[in-house]
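A quick write-up on the structure given underneath.
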Amino acid sequence: MTSKELAKLLGVSQSTVSRSLNGSSLVKGETAERIRAVAKEYGYEINSNAKSLKTNSTGTIGIVFPDHFIDFDSNIYIGNLFNCIRNHLQAHGYDLLALGGHEPEDKISGVERVIRNRKVDGLIVIESSISQDRWYETGHPVPIIRYNPEQAGAEERSTVAVDHHHGGEVLGEYLGRCGHKRILCVSAMEKMGAIRLREQGIRDGLKKYGVILEPKQFLHGDLTFESGYRAVMEHKDMFRDYTAVCAYNDAMALGVMEALKELQIRIPDQISVTGFDGLKIGAWFRPRLTTVSMPGQEIAEQCCRLLYAKLRGEEGEGIRPKILPQLIIRESSGPV
Numbered sequence: 509m510t511s512k513e514l515a516k517l518l519g520v521s522q523s524t525v526s527r528s529l530n531g532s533s534l535v536k537g538e539t540a541e542r543i544r545a546v547a548k549e550y551g552y553e554i555n556s557n558a559k560s561l562k563t564n565s566t567g568t569i570g571i572v573f574p575d576h577f578i579d580f581d582s583n584i585y586i587g588n589l590f591n592c593i594r595n596h597l598q599a600h601g602y603d604l605l606a607l608g609g610h611e612p613e614d615k616i617s618g619v620e621r622v623i624r625n626r627k628v629d630g631l632i633v634i635e636s637s638i639s640q641d642r643w644y645e646t647g648h649p650v651p652i653i654r655y656n657p658e659q660a661g662a663e664e665r666s667t668v669a670v671d672h673h674h675g676g677e678v679l680g681e682y683l684g685r686c687g688h689k690r691i692l693c694v695s696a697m698e699k700m701g702a703i704r705l706r707e708q709g710i711r712d713g714l715k716k717y718g719v720i721l722e723p724k725q726f727l728h729g730d731l732t733f734e735s736g737y738r739a740v741m742e743h744k745d746m747f748r749d750y751t752a753v754c755a756y757n758d759a760m761a762l763g764v765m766e767a768l769k770e771l772q773i774r775i776p777d778q779i780s781v782t783g784f785d786g787l788k789i790g791a792w793f794r795p796r797l798t799t800v801s802m803p804g805q806e807i808a809e810q811c812c813r814l815l816y817a818k819l820r821g822e823e824g825e826g827i828r829p830k831i832l833p834q835l836i837i838r839e840s841s842g843p844v
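Residue numbers for the sequence shown follow our numbering, beginning at 509 and rising by one.
In structure tokens form, the structure reads like this:
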């Protein structure tokens with residue numbers, strides 16, 4: 509049934525039907541209730557695309573994931589950040605639509621297709637090799653979450669910079685203070701932005717204590733719990749010769765811990781283990797995981813604040829929030 513047919517059935521104008529179903533105060537209570545009741549009886553729903561043509565708003569925000577994103581099982585932290593952003597948007601009356609494509613141009617093409625169909629009011633981009641200028645060409649507000657504060661060019665006003673290098677450096681300094689000199693790093697083969705920055709931060713932090721990491725001290729996985737577990741099981745003897753393990757993320761760190769327990773290598777008495785991201789699950793394992801917390805709630809809040817300002821038409825003064833990760837010391841690590 510169309511709105512025109514519904515209006516004819518009720519003996520009212522089509523605009524009255526539209527106003528009533530959109531919650532307009534221009535339609536008196538009794539009439540509005542009757543229209544809604546009949547609409548429900550006949551299964552009539554407002555066409556969101558048609559509504560957006562009138563209000564110029566879809567009530568939906570698109571989110572674009574990093575180039576390396578595979579799925580939430582392999583990228584638990586991205587899943588956590590997605591939930592934080594979604595909760596914030598929903599509290600302000602917006603839905604969240606995931607957009608993607610593994611290649612940069614696929615992402616742009618997919619986003620442009622969604623925009624042509626008037627499906628989103630704005631975009632949130634989590635780290636991208638595509639410049640903000642290119643995203644702006646879509647004609648929508650586009651806050652970008654950057655892993656590197658230095659990566660945001662002068663033209664990037666709507667950027668939330670998360671300093672991964674700082675997080676790695678703080679972790680490296682902590683291990684140096686604890687007297688660790690023989691350290692293994694469990695990371696990923698592909699040196700994408702965040703991995704490279706975290707590793708360099710750890711190197712820089714350790715260097716202050718005279719500790720230099722060699723290539724042989726780096727093992728590689730695919731950022732999952734399973735790959736952390738395999739890294740230990742495939743190099744069992746190595747882990748008896750080192751006093752600390754730095755994993756790229758909490759998922760890999762927990763996999764490392766599980767394997768070390770099976771090998772009866774005591775944590776932290778024989779070897780310390782640290783992670784990165786600050787996932788809640790790290791506090792549930794025993795021993796509880798030392799980690800560098802990436803505050804998803806704060807990142808989501810800052811990003812959405814920039815988005816709302818853009819949606820209101822406010823240009824702002826180019827303020828770019830910079831978020832510093834925090835070291836959380838727990839029982840999985842300690843002095844040599």
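C-beta: ideal position from N, C-alpha, C; glycine also.
On a predicted model such as this, the values are computed, not experimentally measured, just so you know.
For residue j and residue i, believed in contact at Cβ under 8 Å, the rounded distance
i      : j      : result
Tyr756 : Ala696 : 6 Å
Ala759 : Leu731 : 7 Å
Val753 : Val781 : 5 Å
Leu705 : Tyr655 : 6 Å
Ile586 : Leu604 : Their Cβ separation, rounded to whole angstroms, is 13 Å, which puts Ile586 and Leu604 out of contact at 8 Å.
Glu698 : His576 : 7 Å
Val764 : Val694 : 6 Å
Leu679 : Ile710 : 6 Å
Gly729 : Ala761 : Contact flag wrong, Cβ pair sits at about 11 Å.
Buried versus exposed, by CB contacts within 10 Å (16 or more), residue i
i      : result
Arg748 : exposed
Lys818 : buried
Pro843 : exposed
His672 : buried
Ile831 : buried
Ile853 : Nothing can be reported for residue 853, as the shown portion of the chain is limited to 509 through 844.
Lys562 : Any reading at Lys562 needs caution, since the residue's pLDDT is 46, under 50, leaving its predicted position unreliable; the model's value is listed next. Exposed.
Ser777 : According to the sequence as given, residue 777 is Asp; it is not Ser. Label assigned to Asp777: exposed.
His743 : exposed
Gly570 : buried
Ser521 : exposed
Arg820 : exposed
Ala599 : exposed
Leu771 : exposed
Gly736 : buried
Pro723 : exposed
Cβ-heavy atom distance, residue i to the ligand ATP, below 7 Å
i      : result
Pro649 : As far as ligands go, the structure on display features none, and thus does not contain the ligand ATP.
Sub-8 Å separation of residue i and residue j beta-carbons
i      : j      : result
Ile653 : Glu635 : yes
Ile691 : Gln725 : yes
Leu514 : Val535 : no
Leu714 : Gly675 : no
Tyr750 : Ile779 : yes
Val572 : Leu597 : no
Val633 : Val650 : yes
Leu529 : Arg542 : no
Tyr602 : Gly551 : no
Ile786 : Met802 : Just to set this straight, residue 786 is Gly in the shown sequence, not Ile. For Gly786 and Met802, yes; Cβs fall inside 8 Å.
Glu677 : Asp629 : no
Gln810 : Pro829 : yes
Next on the checklist: For a minimum of 4 consecutive residues, which ranges assigned as the alpha helix (DSSP H) are wholly contained in the segment 669–720?
Outcome noted: If we require 4 residues or more, the alpha helix (DSSP H) runs fully inside the segment 669–720 come out as 672–685, 701–715.
Next on the checklist: With three or more beta-carbon pairs closer than 8 Å as the criterion, would you say the segment 830–840 touches the segment 796–807?
Outcome noted: Yes: at least three Cβ pairs fall under 8 Å.
Item to check | Runs of alpha helix (DSSP H) wholly within the segment 537–607 (minimum 4 residues, chain order) | outcome: Taking only runs of at least 4 residues, the alpha helix (DSSP H) segments lying wholly in the segment 537–607 are 537–549, 556–563, 584–599.
Item to check | Length-filtered (3 minimum) beta strand (DSSP E) runs lying within the segment 771–825 | outcome: Here the runs fully enclosed are 780–782, 799–801.
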